[in-house]
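**Q** In terms of the working numbering, the sequence shown opens at residue 11 and continues consecutively. Each residue gets a CB set at the ideal place from its N, CA and C atoms; glycine is no exception. Small disclaimer: the values here were computed from a predicted structure and weren't measured. Just dropping this structure here.
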Amino acid sequence: MAKLDVSGRVLFLCVDPANVERQLAGEDLTPDEAGALRDDVSTDEITPISVLTRFDERLGQCPYVGFHTGGRNPVGVDAVRAGRFQVTVAGNRYGKGSSREHSPLAEYHAGIRLVIARSFERIYRQNADNLGLFTSTDFGLIERIRRGEAIDIDELVAGRDPLAAAILRSGGLLRYGKSHMQRVGAGATSVDDTPRTLVEKILARHALVTDATNASLEPGNGIFVRADWRFIHEYYTGMAAHMLHAAFGRPLMLRDPGSMLAFEDHLSYSHRSELHIRNGLLPNVRELSEAHRAFARDYDVRNHGYLSETKSDVDEGSEGISHAMMAERYALPGQVAVGTDSHTPHSGALGCVAFGVGTTDMANAFVTGAVRMTVPQSLRIELSGPIPEGVTAKDIVLHLLADSRIRAGAGVGKVFEFAGTAIASLSTDERTTLTNMTAELGGFTGIVAPDDETVRFLKERRGIDFTIEPWMHSDPGARYADVIGIDCARLSPMLAAPGDPGNGVALAALDQRPRIDIAYGGSCTAGKREDFDHYHDVLSWAAARGLRVPDHVKLYLQFGTQDVRDYCIEKRYVDAFERVGAILLQPSCGACANCGPGSSTDAQQVTISAINRNFPGRSGPGKVWLASPPTVAASALAGSIASFAELQHRFMK
Numbered sequence: 011m012a013k014l015d016v017s018g019r020v021l022f023l024c025v026d027p028a029n030v031e032r033q034l035a036g037e038d039l040t041p042d043e044a045g046a047l048r049d050d051v052s053t054d055e056i057t058p059i060s061v062l063t064r065f066d067e068r069l070g071q072c073p074y075v076g077f078h079t080g081g082r083n084p085v086g087v088d089a090v091r092a093g094r095f096q097v098t099v100a101g102n103r104y105g106k107g108s109s110r111e112h113s114p115l116a117e118y119h120a121g122i123r124l125v126i127a128r129s130f131e132r133i134y135r136q137n138a139d140n141l142g143l144f145t146s147t148d149f150g151l152i153e154r155i156r157r158g159e160a161i162d163i164d165e166l167v168a169g170r171d172p173l174a175a176a177i178l179r180s181g182g183l184l185r186y187g188k189s190h191m192q193r194v195g196a197g198a199t200s201v202d203d204t205p206r207t208l209v210e211k212i213l214a215r216h217a218l219v220t221d222a223t224n225a226s227l228e229p230g231n232g233i234f235v236r237a238d239w240r241f242i243h244e245y246y247t248g249m250a251a252h253m254l255h256a257a258f259g260r261p262l263m264l265r266d267p268g269s270m271l272a273f274e275d276h277l278s279y280s281h282r283s284e285l286h287i288r289n290g291l292l293p294n295v296r297e298l299s300e301a302h303r304a305f306a307r308d309y310d311v312r313n314h315g316y317l318s319e320t321k322s323d324v325d326e327g328s329e330g331i332s333h334a335m336m337a338e339r340y341a342l343p344g345q346v347a348v349g350t351d352s353h354t355p356h357s358g359a360l361g362c363v364a365f366g367v368g369t370t371d372m373a374n375a376f377v378t379g380a381v382r383m384t385v386p387q388s389l390r391i392e393l394s395g396p397i398p399e400g401v402t403a404k405d406i407v408l409h410l411l412a413d414s415r416i417r418a419g420a421g422v423g424k425v426f427e428f429a430g431t432a433i434a435s436l437s438t439d440e441r442t443t444l445t446n447m448t449a450e451l452g453g454f455t456g457i458v459a460p461d462d463e464t465v466r467f468l469k470e471r472r473g474i475d476f477t478i479e480p481w482m483h484s485d486p487g488a489r490y491a492d493v494i495g496i497d498c499a500r501l502s503p504m505l506a507a508p509g510d511p512g513n514g515v516a517l518a519a520l521d522q523r524p525r526i527d528i529a530y531g532g533s534c535t536a537g538k539r540e541d542f543d544h545y546h547d548v549l550s551w552a553a554a555r556g557l558r559v560p561d562h563v564k565l566y567l568q569f570g571t572q573d574v575r576d577y578c579i580e581k582r583y584v585d586a587f588e589r590v591g592a593i594l595l596q597p598s599c600g601a602c603a604n605c606g607p608g609s610s611t612d613a614q615q616v617t618i619s620a621i622n623r624n625f626p627g628r629s630g631p632g633k634v635w636l637a638s639p640p641t642v643a644a645s646a647l648a649g650s651i652a653s654f655a656e657l658q659h660r661f662m663k
């Protein structure tokens, strides 16, 4: 029977940084000596933005260099490999956040062969499987490993779905695909009368059968599906190409390249990022771009790149953020769209199944046409009642993130189906905020059933006369893991305190109002047309009264796509933005990924931001408060955290 030899050392990611430092200095701790373990260790901490320009064995120098606990970062460069660690142990929701496969790859190249945690985020664990990195929730393994016992592979994969187990036994997804995916065919669409959710119906129409898998939609079953769209961005393309060429040689035979898209959206402002300039990363950024463009060129993949290459009057920025452009230009109700970004569920607002995957998953999908997934359960989120003035979709999702059930992990790996009477009053742009932040909720994806608003959006944005098919809804009596009700009428503007998007607090309940240094409105979550309507509502009110952003604050507004920028120009919003002193930026992920202006540069700085995440180090070393677009704009003018209503009241006295 095959065994995993983990005779190296065990690294506990402790709450107490001194205990982490003791281990790095050579001392082996027992679980009791290690003490409390850090929960919510994000992929931003395992591999921070500053190391993502590496996509090969060099990542082995970097795991946990962004790990933050007790006010400091105890793990240095190459400390894990130098310490001969082979097992990592942490608390709940390990690997939350970004879909970056760099994180498990860095662990693997540093010598880690097993990660033990109380629970794992879906994308992280799937990425680990695909690389052959074992994961377990069995803390009983720790003492056996410390005694020098090798662990049976069968024991490590027990309880995993058969596909995950087979991939791990094969040594990773690409090796599995070579052996077991020579024949891929469509599964039979079920025609019985069983009540189904919309996601189940879409998956039934896209499920595939391979040599080793069926098309059963029983929750927990590992399957492959056909995707209508597969997209990748520049942080992952070089890694995917490197993997594929190593496994299959050159040239590659890609499956249906016409349904593949490439985006350069993250790094188009890196030349103005202190992080990238200070750390000498710009040559590596150029290497990533060159690898990305070469792949798109060599295999005839449509690439949405830098504006400087498409518009002679613009010298920086991108055509747009990948998942925002997917909703604006490509995704349709009833489709499946996958991308190498955890915020791919953005397009679920149109009634499609959109989800994020890692590099190996996408590489495999490029050559086989099949995308790996585990059939999820669904949570139904019932949004009822009228939505008060001043409350946005961002406030709704920050409220949901603070729900004790969600914070305890009730949404991990599940579909968030947003429904209820309040949904009808939300525009598609607002709905994308809900589905986009399914990533922060820990979910597999988010979805809203298509309706008249969807039809309006597709006609207005794309000129499409779309007809909703009779099956495009969830059936009465469909199975849900749970139903969570939110009375929107009782909501008010929300914030998330620094450190985690789940640190929700009602703005009105915040007695001490932090003075801010930076206000940032942008990103996929808050760079859409309706978000800029909100910014304009606040800033045009201020401009009419001669108000400006105080000298100690910088307000950045960054368009999510060039379509949004053109919309703002057409609506003549730019004048009000400039009159109050806002700094306008061309489309890019930018500060959300610590890749441009709007990121903090000093640990003492305080930012209020409309982005989706505020994990330690995510947008620079300072503290980041999350808020809605109108709250960000109002706070910029006030110089400290404030709602638009509070700002108006202050200047009406």
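Can you name the start and end residues of the alpha helix (DSSP H) that residue 577 belongs to?
**A** 572-580
**Q** Taking a contact to mean a Cβ-Cβ separation below 9 Å, would you say residue 640 touches residue 402 in this structure?
**A** yes
**Q** According to DSSP, is residue 497 helix, strand or coil?
**A** strand
**Q** Excluding the five sequence neighbours on either side, which residues of its own chain have a C-beta within less than 6 Å of the C-beta of residue 90, listed in chain order?
**A** 73 and 120
**Q** Using DSSP with H/G/I as helix, E/B as strand and the rest coil, what is residue 451?
**A** helix
**Q** Tell me whether the beta-carbon of residue 133 lies closer than 9 Å to the beta-carbon of residue 367.
**A** yes
**Q** How should residue 189 be labelled, buried or exposed, when 16 other C-beta atoms within 10 angstroms of its C-beta is the threshold for buried?
**A** exposed
**Q** Do the stretch 233-241 and the stretch 286-304 make contact, defined as three or more Cβ pairs closer than 8 Å?
**A** no
**Q** Determine the direct distance from the alpha carbon of residue 310 to that of residue 343, and round the result to whole angstroms.
**A** Rounded to the nearest whole angstrom, the C-alpha separation of residue 343 and residue 310 is 26 Å.
**Q** Do you know how far the Cα of residue 268 is from the Cα of residue 314?
**A** Straight-line spacing of the CA atoms in residue 314 and residue 268 works out to 14 Å.
**Q** Cα separation between residue 466 and residue 601?
**A** 32 Å
**Q** In chain order, which continuous runs of the alpha helix (DSSP H) of length 4 or greater are located wholly inside the stretch 140-205?
**A** 151-156, 163-167, 172-180 and 183-190
**Q** How would you call residue 348, buried or exposed, if buried means at least 16 neighbouring beta carbons within 10 angstroms?
**A** buried
**Q** Could you pull the start and end residues of the beta strand (DSSP E) that residue 219 belongs to?
**A** 217-219
**Q** With a CB to CB cut of under 6 Å and the five nearest residues on each side skipped, what residues in its chain are close to residue 569?
**A** 537, 575 and 597
**Q** Are the CB atoms of residue 16 and residue 45 within a distance shorter than 9 Å?
**A** no
**Q** Over the uninterrupted alpha helix (DSSP H) stretch that includes residue 445, give me the two end residues.
**A** 438-446
**Q** To the nearest angstrom, how far is the alpha carbon of residue 212 from that of residue 363?
**A** For the pair residue 212 and residue 363, the Cα-to-Cα distance works out to about 7 Å.
**Q** Contact check, residue 139 vs residue 166 under 8 Å by CB: the rounded distance?
**A** Actually they are not in contact, since the Cβ atoms of residue 139 and residue 166 sit about 11 Å apart, beyond 8 Å.
**Q** So is residue 281 buried or exposed if we call it buried at 16+ other beta carbons inside 10 Å?
**A** By the C-beta density criterion, residue 281 is exposed, having fewer than 16 other C-beta atoms within 10 angstroms.
**Q** Using CA coordinates, which residue listed in 489, 250 and 452 is at the minimum distance from residue 375?
**A** 250
**Q** Output yes or no for whether 9 Å exceeds the beta carbon distance between residue 210 and residue 357.
**A** The Cβ-Cβ distance between residue 210 and residue 357 does not fall below 9 Å.
**Q** With 16 as the cutoff for other CB atoms within 10 Å, does residue 493 come out buried or exposed?
**A** exposed
**Q** When the distance is taken between beta carbons, is residue 542 closer than 9 Å to residue 577?
**A** Yes; because the gap between Cβ atoms is below 9 Å, this pair is in contact.
**Q** Are residue 217 and residue 227 closer than 9 Å when you measure CB to CB?
**A** Here residue 217 is near residue 227, since their CB atoms are less than 9 Å apart.
**Q** Between which two residues does the alpha helix (DSSP H) carrying residue 674 extend?
**A** The structure shown does not extend to residue 674, since the chain is modelled only from 11 through 663, so no value can be given for it.
**Q** Report the three-state DSSP secondary structure of residue 469 (helix, strand or coil).
**A** helix
**Q** If residue 591 and residue 566 are in contact, beta carbons under 8 Å, what's the gap, nearest whole angstrom?
**A** No, residue 591 and residue 566 are not in contact; Cβ-Cβ is about 11 Å, not under 8 Å.
**Q** Are three or more beta carbon pairs between the stretch 436-456 and the stretch 146-165 nearer than 8 Å?
**A** no
**Q** Could you please give me the residues that DSSP links to residue 392 through a beta bridge?
**A** 429 and 495
**Q** Do residue 183 and residue 371 have their C-beta atoms within less than 9 Å of each other?
**A** At the C-beta level, residue 183 and residue 371 come within 9 Å of one another.
**Q** Three-state secondary structure (DSSP) at residue 404?
**A** helix
**Q** Is it right to say residue 202 is buried, meaning 16 or more other beta carbons lie within 10 angstroms of its own, or is it exposed?
**A** exposed
**Q** When we look at the beta-carbon of residue 55 and count the other beta-carbons within 10 Å, is it buried (16 or more) or exposed?
**A** buried
**Q** What residue ranges within the stretch 46-76 form continuous alpha helix (DSSP H) runs of no fewer than 4 residues, ordered along the chain?
**A** 53-56
**Q** Confirm, please, whether the CB-CB distance from residue 605 to residue 186 is below 9 Å.
**A** no
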